[in-house]
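Numbering (our numbering), first residue to last: 8 to 470.
Glycine residues also receive a C-beta, built at the ideal position from the N, C-alpha and C atoms.
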């Protein structure tokens with residue numbers, strides 16, 4: 008039984024995607040201008056950015072549930088689901104470890120905090136008050152607490168808090184049981200497929216508010232942060248951006264080449280999503296349309312449905328770079344020597360605290376605070392330094408995490424033999440998504456693209 012999809016509008020999706028791209032760029036420029044010319048008024052536009060992110064959050068939880076359940080229920084067997092999950096986790100751990108080492112290596116080689124000579128009594132401890140509770144919660148549980156937090160006390164509570172990690176756990180269990188139900192579960196499969204189609208349509212509607220969200224976010228940030236007052240910390244920000252760029256170009260680019268596609272066309276294909284992510288410093292806003300575009304690129308839908316949502320919690324490459332770089336930066340800035348044993352302890356803690364941190368308010372600072380707790384010799388008040396430039400860091404962090412998860416999905420699909428590299432090259436060469444082939448749709452489910460010709464996927468650019 009295949010889910011029915013609404014008829015595609017006559018409006019060219021390629022043209023509408025281009026107009027949205029132009030609107031987002033224009034909103035970014037206008038927001039920056041307003042932030043400089045009228046900072047008092049521009050700061051009030053923050054409500055536009057917050058409203059857009061709230062709209063996205065409203066849909067993401069149910070959408071992740073439907074996509075994951077659809078992916079598992081349409082898989083060949085539970086063994087196939089487990090195999091994909093294991094390969095994804097192995098890939099995640101390998102890449103985040105590499106990213107963490109690159110952050111440490113960059114700080115060790117360029118020593119961005121060596122000449123700062125920060126005095127602890129000049130820093131404002133109250134700036135960290137909002138993050139203390141979240142950091143304590145992450146530290147106290149340890150590994151056991153992290154594993155217990157995977158299991159929601161109630162599915163309703165997980166959806167109410169919009170906790171993607173708990174939703175993911177419940178979705179995997181629900182999808183596995185639905186797969187084992189055989190024909191008895193067919194009505195539920197059809198219902199999930201139909202709800203999924205409606206939610207994707209809803210995301211299409213929400214996406215058209217992206218320019219307003221970008222305008223508000225950029226205007227507020229430009230009004231609040233002046234580059235002049237952040238001069239001494241910009242070397243840290245610049246170094247972080249360069250390391251993230253190097254990781255994307257060398258490591259992720261190498262993975263893509265091994266899969267048979269080029270990095271630059273791949274990034275151009277997701278250009279709208281990358282712009283929205285950089286403006287809002289959140290990749291949540293683009294996850295549904297990224298998943299749809301990956302499916303259209305030639306990645307089998309069940310792989311997308313499993314790997315992409317999991318990557319949002321387990322594959323935070325740019326966050327790992329940040330943890331490695333910021334730890335050594337703070338040690339250098341505060342004149343705190345670190346022994347090899349202490350550094351190894353911090354790195355091991357970072358590999359644990361970075362998992363499942365996505366969605367925690369101010370998660371970059373929170374995870375860094377929880378990580379540094381294992382080495383009390385680094386004064387916690389030093390976190391105020393990186394807090395003052397966290398928004399600038401957050402741009403590269405969000406973009407790097409998003410690119411890392413897109414590449415991870417392609418890599419796991421290629422490892423599984425479920426990636427059509429020839430189709431991907433055609434799509435990337437044409438800068439538009441081709442109609443889905445039958446093999447890309449989940450058997451009897453309609454796949455992740457119930458209406459691949461519709462314009463509701465941001466930038467899908469179907470003819």
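For residue i, the three-state DSSP class (helix, strand or coil)
i, result
"residue 268", "coil"
"residue 45", "coil"
"residue 170", "coil"
"residue 160", "coil"
"residue 296", "helix"
"residue 288", "coil"
"residue 178", "helix"
"residue 343", "coil"
"residue 348", "helix"
"residue 33", "helix"
"residue 51", "coil"
"residue 56", "helix"
"residue 79", "helix"
"residue 385", "coil"
"residue 72", "helix"
"residue 138", "Its pLDDT being 46, under 50, residue 138 is placed unreliably in this model, and the value from its coordinates should be taken loosely. Helix."
"residue 26", "helix"
Enclosing alpha helix (DSSP H) for residue i [first to last residue]
i, result
"residue 429", "428-437"
"residue 103", "85-117"
"residue 309", "308-321"
"residue 425", "Counting along the chain, residue 425 falls outside any alpha helix (DSSP H), and DSSP gives it neither H nor E."
"residue 328", "324-340"
Outcome for residue i when other beta-carbon atoms lying within 10 angstroms are tallied against a minimum of 16
i, result
"residue 328", "buried"
"residue 310", "buried"
"residue 52", "buried"
"residue 347", "exposed"
"residue 194", "exposed"
"residue 299", "buried"
"residue 342", "exposed"
"residue 198", "exposed"
"residue 241", "exposed"
"residue 86", "exposed"
"residue 264", "exposed"
"residue 427", "buried"
"residue 291", "buried"
"residue 246", "buried"
"residue 344", "exposed"
"residue 354", "buried"
"residue 467", "Residue confidence is low: residue 467 scores 33 on pLDDT, short of 50, so the model does not pin down where it sits. Its coordinate-derived value is still stated next. It is buried - the Cβ of residue 467 has at least 16 other Cβ atoms within 10 Å."
"residue 26", "exposed"
Candidates the options: closest to residue i by CA position
i, options, result
"residue 179", "218, 197, 193, 159", "159"
"residue 259", "405, 340, 410", "410"
"residue 61", "274, 88, 167", "167"
"residue 173", "75, 88, 345, 43", "75"
"residue 56", "43, 210, 169, 35", "35"
"residue 244", "397, 155, 51, 42", "397"
"residue 402", "267, 431, 418, 249", "249"
"residue 338", "106, 79, 114", "114"
"residue 217", "330, 205, 296", "296"
"residue 308", "420, 43, 188, 345", "420"
"residue 181", "79, 432, 67", "79"
"residue 433", "267, 283, 209", "267"
"residue 42", "221, 162, 187, 92", "221"
"residue 272", "67, 165, 304, 407", "304"
"residue 314", "413, 163, 40", "413"
"residue 331", "109, 212, 54, 102", "109"
"residue 59", "277, 225, 40", "225"
Cβ of residue i within 7 Å of any chain D Cβ
i, result
"residue 317", "Absent from the structure: chain D. Only one protein chain is present."
beta-carbon residue i near the ligand FMN non-hydrogen atom, thresh 6 Å
i, result
"residue 304", "This structure simply doesn't include the ligand FMN, nor any ligand for that matter."
Runs of alpha helix (DSSP H) wholly within the region 194-261 (minimum 4 residues, chain order) = 217-231, 241-253
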